[in-house]
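In the order they appear, the protein sequences are chains A and B.
Going by full-length UniProt numbering, the first sequence opens with residue 1, and the numbers climb by one from there.
Going by full-length UniProt numbering, the second sequence opens with residue 1, and the numbers climb by one from there.
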Amino acid sequence: MTSAVSSTDPAMVDHKSLYAYLSTLPSSLLENLYRHPNPSLCMAIFRDLTPMAQKFVLRQLFIEQILPKSVFTSWITPEGKKDHDDAVRLLNDLKIWSEAPSTAGLMGWKLNEHFRKGIQAIVVGGGPSWSGDDQPTAEETTPKDIPFIQNYARERWDVVLHFLAGLSGASQISRDTVEVLTNAGLIRGSNSTESGITQNGFRFLLMDTPSQVWRFILAYLHTVPKWGMDLIECISFIFQLSFSQIGKHYSTIGFSSNQLRTLQHFREYGLIYMRSKKSSRYYPTNLVVNLSAGAGLNTSAFSEGYIIVETNYRIMVYTDSPLKIAVVSYFSDMLYRFPNLALGMITRESIRRALMKGISTDEIIKFLRMHAHPQMRENNPVLPSTLTDQIKLWEMERERCVFADGVLYNNFLSQKDFEMLRNYASDLGVAMCSNAANKVVVVSPEGHDQVRAFWKRQKKE
Amino acid sequence: MSGLTSLGAAQAGVSSGIESITDLLVVILDLNPIWWSEQLDNGVENGNGPPSQQYGLAPTLDQILIFLNSYLLIHPGNQVVVLGCLHSRSYFLYPPELINMPTDMPSDSRPEAFRIVNHTVQRAIQHILLQTSPDGEPAAGGEEKRETVFVGALSRSLCYIHRMQRESPKGQFVQGRVLVIEAGPDSSSHYMHFINTIFTAQKMNVKIDACVLGEDSILLQQAVDLTGGLYVKVENPGGVVQVLNSVFILDGAERSTMSVPEKIQVDYRAACFCHQKLIEVGYVCSVCLSVFCAFSPMCSTCQSTFKFMTGIKKRKPTDPTSSVPSPSSSSAAVAAVATKKARNGTGPNSNGKA
Chain A
1 MTSAVSSTDP AMVDHKSLYA YLSTLPSSLL ENLYRHPNPS LCMAIFRDLT
51 PMAQKFVLRQ LFIEQILPKS VFTSWITPEG KKDHDDAVRL LNDLKIWSEA
101 PSTAGLMGWK LNEHFRKGIQ AIVVGGGPSW SGDDQPTAEE TTPKDIPFIQ
151 NYARERWDVV LHFLAGLSGA SQISRDTVEV LTNAGLIRGS NSTESGITQN
201 GFRFLLMDTP SQVWRFILAY LHTVPKWGMD LIECISFIFQ LSFSQIGKHY
251 STIGFSSNQL RTLQHFREYG LIYMRSKKSS RYYPTNLVVN LSAGAGLNTS
301 AFSEGYIIVE TNYRIMVYTD SPLKIAVVSY FSDMLYRFPN LALGMITRES
351 IRRALMKGIS TDEIIKFLRM HAHPQMRENN PVLPSTLTDQ IKLWEMERER
401 CVFADGVLYN NFLSQKDFEM LRNYASDLGV AMCSNAANKV VVVSPEGHDQ
451 VRAFWKRQKK E
Chain B
1 MSGLTSLGAA QAGVSSGIES ITDLLVVILD LNPIWWSEQL DNGVENGNGP
51 PSQQYGLAPT LDQILIFLNS YLLIHPGNQV VVLGCLHSRS YFLYPPELIN
101 MPTDMPSDSR PEAFRIVNHT VQRAIQHILL QTSPDGEPAA GGEEKRETVF
151 VGALSRSLCY IHRMQRESPK GQFVQGRVLV IEAGPDSSSH YMHFINTIFT
201 AQKMNVKIDA CVLGEDSILL QQAVDLTGGL YVKVENPGGV VQVLNSVFIL
251 DGAERSTMSV PEKIQVDYRA ACFCHQKLIE VGYVCSVCLS VFCAFSPMCS
301 TCQSTFKFMT GIKKRKPTDP TSSVPSPSSS SAAVAAVATK KARNGTGPNS
351 NGKA
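See the structure below:
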């Protein structure tokens, strides 16, 4: 498993992880991806580049000859040095750039020809269509409208989350899905001693929906080779989906068996809607459209805000969904439950409990802001700052103690002995702390040997 | 204590209330049919010159569409608006104002969202040009029709940006930018409205960029300079896309990290209100700051009558360097003061918004 999925760094789970994921792939596979007739992958990768890397590619797009490296440095100002270095590294990691001699004999950066063709096809057009929307749409007698599809997507995705949260009464999900969730490190496998949700799983539940889907898809891609399916075909199909239009339906005619299997999986997660298993039409849902754009695009489109937090740490959850209440109760103490409302308190204990589960306060605050009730959104800042500050302080409280190994020197016979040893240790920079009244010194393990040798020498004299 | 200060710093980003910024690019396209057809005619007449030295509407439009696609490609949140501008009218090309959104588009390798923009713009332009060419706009004299007046299009684009900013959900901010692609020569009529619009843009913190295909435009240079945008005159008709894709695609933040064309020396001549001529020396109304090229006893803009001491006419030619401002230096001073004021205005204004 690669860092993209198993890492606990919150930065790894945002949309930048497309890069993290792709840079783990062997270069031959990347080359094949760029060569794929469907340029949607080039587009997804392009969108994931840093702004400066994007501009480099755009400036090179219609220049066939190789530009020397000095040209690229001349395009930036001194303030842009860091961005330039980042862009160069990124483009090299993704094999979009390769080193090659330019016409003048200087070393230059060569744009990958397949990548160039892919981007050109996207901005200029003229190539064959890849979204499959040119087929007649007459055969669908009663097309579904967007609200229906959005509802469907939310329902299906909630089923996955329900299962993850381990709520009773959750409907069953397929074995393949369980495998993906296990692979993503969100639940423990059924064969291990304690099954159920992991630390990452808790954090997953607190994420916004696009990040959840994106992370899930990455785990899905990791699992695909195990099922003997073609990774490239699967990746390009996912990106093709992500650039399709919501509310439109597309035909499955001409799909390979692998693609049909992916389609069935996605139907289960609510990424696409199909009338029946055998239907030859599918509707992409808002979960999969613009997927590669990652988090933060249209979070509010996925759910209405339902949380109100007050300055007195009281939290009101306007929902009857056990899933939402369960997620909120990860970091609050639930007091009352009414038909459409649950009331709780955010306390020091409840926050510490969440922190011990591996949830960070940033995630909690982001979650609260994301799901703030429309009435709360009128406020500026959305969340009362007393609350956010206090939550942060509770987190820092846990970081007050720093644990480090050390060796204790005590029972000195005289103050002079103590001072001599303490001075020697602090000159070496290995004394961690000392107390003259009790005549004790704590030395770091690295310095222990040296200090002991010194002490023995001194005692002999 | 350090913990608390760092907490404050972390909070600062939160309390501004802005979670995400959407970029909105408004492109104003000069569609003046007379200029474009002249280009075509010149290309045919000067058979000796390479045809690539003339602008054709279709090839140039193709390049502009590639630029729009590139802009949309950069970030999925990016939005474009395209306005077409004729001598005295402007139309929204995308989102379309005159035609319906095309539904029957041949599909190719462009993503659907890009194709919709491209086809809408193309068809809207076709529609406009087919309508205007026979009898077209109200005849205002053949001379004037060569020129395109941007005031209408500019103020409409500012209104559009303003509406988007107001309608955007809480926590989201729409950062607008206007790119004017000018073909024909400047029109100095409506000079005052033009400058007022530019000041509005400055207040709104909207940058105005100008990409000039024909001769240099003094008015657009002023607009660019006042709003802090970029000004480029394209030399090669085939290189429009390269200029657009390398310079005008850069957004505000990137203009400090990537090198951009140098600021041009701006000609701050004002157009007089009486004959719409660009003048260097003129008379300025002390009440409303209207500029005139010829003296009149009453201001035609604010109707104030000028009471003056006898002898002003004598003093004017005798000593232009004396401390008593002659009309010429006072007009320059007024123009300079207006610029300065407006410039200072942008700083706190932008802070206030953020």
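All C-beta atoms in this analysis are idealised placements derived from N, C-alpha and C, irrespective of residue type, glycine included.
| said: Buried or exposed, going by whether 16 or more other CB atoms sit within 10 Å of the CB of A453 (chain A)? | reply: As a working note, residue 453 (chain A) is residue 453 in the first sequence. It counts as exposed.
| request: Determine the direct distance from the alpha carbon of S244 (chain A) to that of V288 (chain A), and round the result to whole angstroms. | output: Stepping through the first sequence from its first residue, residue 288 (chain A) is reached at position 288. Stepping through the first sequence from its first residue, residue 244 (chain A) is reached at position 244. Using only the alpha carbons, I get a separation of about 9 Å.
| field | Selection from B:A294, B:M258, B:S90 that minimises the alpha carbon distance to H84 (chain A) | value | Translated into positions along the first sequence, residue 84 (chain A) becomes position 84. The candidate whose alpha carbon is nearest that of H84 (chain A) is B:M258.
| Min CB distance N78 (chain B) to chain A below 7 Å | One-based indexing of the second sequence puts residue 78 (chain B) at position 78. No, because no Cβ of chain A sits closer than 7 Å to the Cβ of N78 (chain B).
| task | Along the alpha helix (DSSP H) that carries D30 (chain B), what are the first and last residues, could you check? | result | The residue labelled residue 30 (chain B) in the question sits at position 30 within the second sequence. Taken as a continuous stretch (DSSP letters only), D30 (chain B) belongs to no alpha helix (DSSP H), being part of the beta strand (DSSP E) at 20 to 30.
| query | CB I28 (chain B) to CB A153 (chain B), shorter than 7 Å? | reply | Sequence index remark: in the second sequence, residue 28 (chain B) carries index 28 (1-based). Sequence index remark: in the second sequence, residue 153 (chain B) carries index 153 (1-based). Yes, Cβ-Cβ distance for I28 (chain B) and A153 (chain B) is below 7 Å.
| task | Have a look at N183 (chain A) and R203 (chain A) and give me their C-alpha separation to the nearest angstrom. | result | Position 183 of the first sequence, counted from the first residue, corresponds to residue 183 (chain A). Position 203 of the first sequence, counted from the first residue, corresponds to residue 203 (chain A). Cα to Cα, N183 (chain A) sits roughly 16 Å from R203 (chain A).
| If you scan the segment 402 to 431 of chain A from start to end, which runs of the alpha helix (DSSP H) of 4 or more residues do you find wholly inside it? | 415 to 428
| Neighbourhood of R281 (chain A) by C-beta, 8 Å cutoff - its chain only, sequence neighbours within 5 removed | One-based indexing of the first sequence puts residue 281 (chain A) at position 281. Contacts found: E139, E140, H249, Y250, S251, T252, M274, R275.
| query | Just to confirm, are I21 (chain B) and F173 (chain B) a CB contact at a threshold of 7 Å? | reply | Position 21 of the second sequence, counting from 1, holds the residue named residue 21 (chain B). Position 173 of the second sequence, counting from 1, holds the residue named residue 173 (chain B). Closer than 7 Å, so yes.
| message | Less than 7 Å between CB atoms is the rule here; does T120 (chain B) satisfy it with respect to chain A? | response | Residue mapping note: residue 120 (chain B) aligns to position 120 of the second sequence, counting from 1. No, T120 (chain B) lies away from the interface with chain A (no Cβ there is under 7 Å from its Cβ).
| query | Who are the Cβ neighbours of R89 (chain A) in its own chain at under 7 Å, not counting the five residues just before and after it? | reply | By one-based count along the first sequence, residue 89 (chain A) stands at place 89. Taken in chain order, the list of residues that qualify is empty.
| task | Out of B:R115, B:Y160, B:M101, B:S90, state which residue places its alpha-carbon closest to the alpha-carbon of L129 (chain B). | result | In the second sequence, counting from the first residue as 1, residue 129 (chain B) sits at position 129. It is B:S90 whose Cα lies nearest to the Cα of L129 (chain B).
| query | Taking the Cβ atom as the reference point for each residue, do P143 (chain A) and G108 (chain A) lie within a distance shorter than 7 Å? | reply | As a first step, residue 143 (chain A) must be located in the first sequence, where it is residue number 143. As a first step, residue 108 (chain A) must be located in the first sequence, where it is residue number 108. No, they are not a contact pair.
| query | Near S236 (chain A), which residues of its chain fall below 7 Å by C-beta distance, leaving aside the five closest residues on each side in sequence? | reply | As a position in the first sequence, residue 236 (chain A) is number 236, starting the count at 1. So the list reads H36, N38, S40, L41, once near-sequence residues are dropped.
| task | Can you tell me which of the three DSSP states D93 (chain A) falls into? | result | Numbered from 1 along the first sequence, position 93 holds the residue referred to as residue 93 (chain A). DSSP places D93 (chain A) in helix when its eight states are reduced to three.
| Per DSSP, A100 (chain A) forms a beta bridge with which residues? | Reading the first sequence from its first residue, position 100 is the one you call residue 100 (chain A). A100 (chain A) is bridged to A:G108.
| task | Flag this pair as touching only if the segment 87 to 107 of chain B and the segment 272 to 285 of chain B have three or more C-beta atom pairs under 8 Å; answer yes or no. | result | no
| task | Compute the Euclidean distance between the alpha carbons of A183 (chain B) and L31 (chain B), then round it to the nearest angstrom. | result | Numbered from 1 along the second sequence, position 183 holds the residue referred to as residue 183 (chain B). Numbered from 1 along the second sequence, position 31 holds the residue referred to as residue 31 (chain B). One C-alpha to the other measures close to 8 Å.
| field | Other residues of its chain near R398 (chain A): CB distance less than 8 Å, five sequence neighbours each side excluded | value | For the purposes of this step, residue 398 (chain A) is identified with residue 398 of the first sequence, where counting begins at 1. Result list for R398 (chain A): R352, L355, in chain order.
| Taking the Cβ atom as the reference point for each residue, do S321 (chain A) and S350 (chain A) lie within a distance shorter than 7 Å? | Residue mapping note: residue 321 (chain A) aligns to position 321 of the first sequence, counting from 1. Residue mapping note: residue 350 (chain A) aligns to position 350 of the first sequence, counting from 1. The answer is no: Cβ separation not under 7 Å.
| query | Run through DSSP, which three-state label would G344 (chain A) get? | reply | To locate residue 344 (chain A), count along the first sequence from 1; it is residue 344. G344 (chain A): strand per DSSP, three-state reduction.
| task | For M258 (chain B), decide whether its Cβ has a neighbour in chain A, counting only Cβ atoms nearer than 7 Å. | result | Here residue 258 (chain B) refers to the residue found at position 258 when the second sequence is read from its first residue. By this cut-off, M258 (chain B) is an interface position.
| field | Extent of the continuous beta strand (DSSP E) run through K233 (chain B) | value | Start at 1 with the first residue of the second sequence, and residue 233 (chain B) comes out as number 233. Element bounds for K233 (chain B): 231 to 233.
| query | Below 7 Å between beta carbons: does that hold for S70 (chain B) and V123 (chain A)? | reply | Walking along the second sequence from the start, residue 70 (chain B) turns up at place 70. Walking along the first sequence from the start, residue 123 (chain A) turns up at place 123. Yes, the Cβ-Cβ distance between S70 (chain B) and V123 (chain A) is below 7 Å.
| Between I208 (chain B) and V180 (chain B), which are expected to be in contact by the criterion C-beta below 8 Å, what is the C-beta distance as a whole number of angstroms? | As a position in the second sequence, residue 208 (chain B) is number 208, starting the count at 1. As a position in the second sequence, residue 180 (chain B) is number 180, starting the count at 1. With a Cβ gap of about 7 Å, I208 (chain B) and V180 (chain B) count as contacting.
| query | Among residues of its own chain, excluding the 5 on either side of G447 (chain A), which ones have a beta-carbon nearer than 7 Å to its beta-carbon? | reply | By one-based count along the first sequence, residue 447 (chain A) stands at place 447. The answer, listed in chain order, is A425, L428, V430.
| task | Taking P111 (chain B) as the query, report the chain A residues whose CB atoms sit under 8 Å from its CB, ordered along the chain. | result | As a first step, residue 111 (chain B) must be located in the second sequence, where it is residue number 111. From the beta-carbon of P111 (chain B), the residues of chain A found nearer than 8 Å are S40, M43, I122, S131, F243.
| Once you ignore the five residues that flank V151 (chain B) on each side, which residues in its own chain have a CB closer than 8 Å to its CB? | Within the second sequence, residue 151 (chain B) is the residue found at index 151, counting from 1. Closer than 8 Å at the Cβ level, and outside the excluded window around V151 (chain B), lie H190, H193, F194, T197.
| task | Would you please verify whether the beta carbon of E349 (chain A) is less than 7 Å from any beta carbon of chain B? | result | Taking the first sequence and counting its residues from 1, the one referred to as residue 349 (chain A) is at position 349. Closer than 7 Å: no.
| task | Going by CA-CA distance only, name the one from A:N379, A:R369, A:T361 that's closest to E395 (chain A). | result | Sequence index remark: in the first sequence, residue 395 (chain A) carries index 395 (1-based). The candidate whose alpha carbon is nearest that of E395 (chain A) is A:T361.
| Can you find a CB in chain A that lies within less than 7 Å of the CB of S181 (chain B)? | The sequence position of residue 181 (chain B) within the second sequence is 181, counting from 1. First, the amino acid is wrong: residue 181 (chain B) is Ile here, not Ser. Output row for I181 (chain B): interface = no.
| Alpha carbon to alpha carbon, how far is Q242 (chain B) from C159 (chain B)? | The residue labelled residue 242 (chain B) in the question sits at position 242 within the second sequence. The residue labelled residue 159 (chain B) in the question sits at position 159 within the second sequence. Using only the alpha carbons, I get a separation of about 30 Å.
| query | Applying the criterion that 16 or more other CB atoms from any shown protein chain within 10 Å of the CB defines a buried residue, is P136 (chain A) buried or exposed? | reply | Residue mapping note: residue 136 (chain A) aligns to position 136 of the first sequence, counting from 1. Reliability fails at P136 (chain A), whose pLDDT of 47 lies under 50, so the model's placement of it is uncertain and no value is given.
| task | Below 7 Å CB to CB, which residues in the same chain sit around L161 (chain A) once its five sequence neighbours on both sides are set aside? | result | What you label residue 161 (chain A) is simply residue 161 of the first sequence in a count that begins at 1. Excluding positions up to five away in sequence, the list reads L205, L323.
| message | Taking the beta strand (DSSP E) that K69 (chain A) belongs to, which residues open and close that run? | response | Numbered from its first residue, the first sequence carries residue 69 (chain A) at position 69. Annotation for K69 (chain A): no beta strand (DSSP E) segment contains it, though the alpha helix (DSSP H) segment containing it runs 69 to 74.
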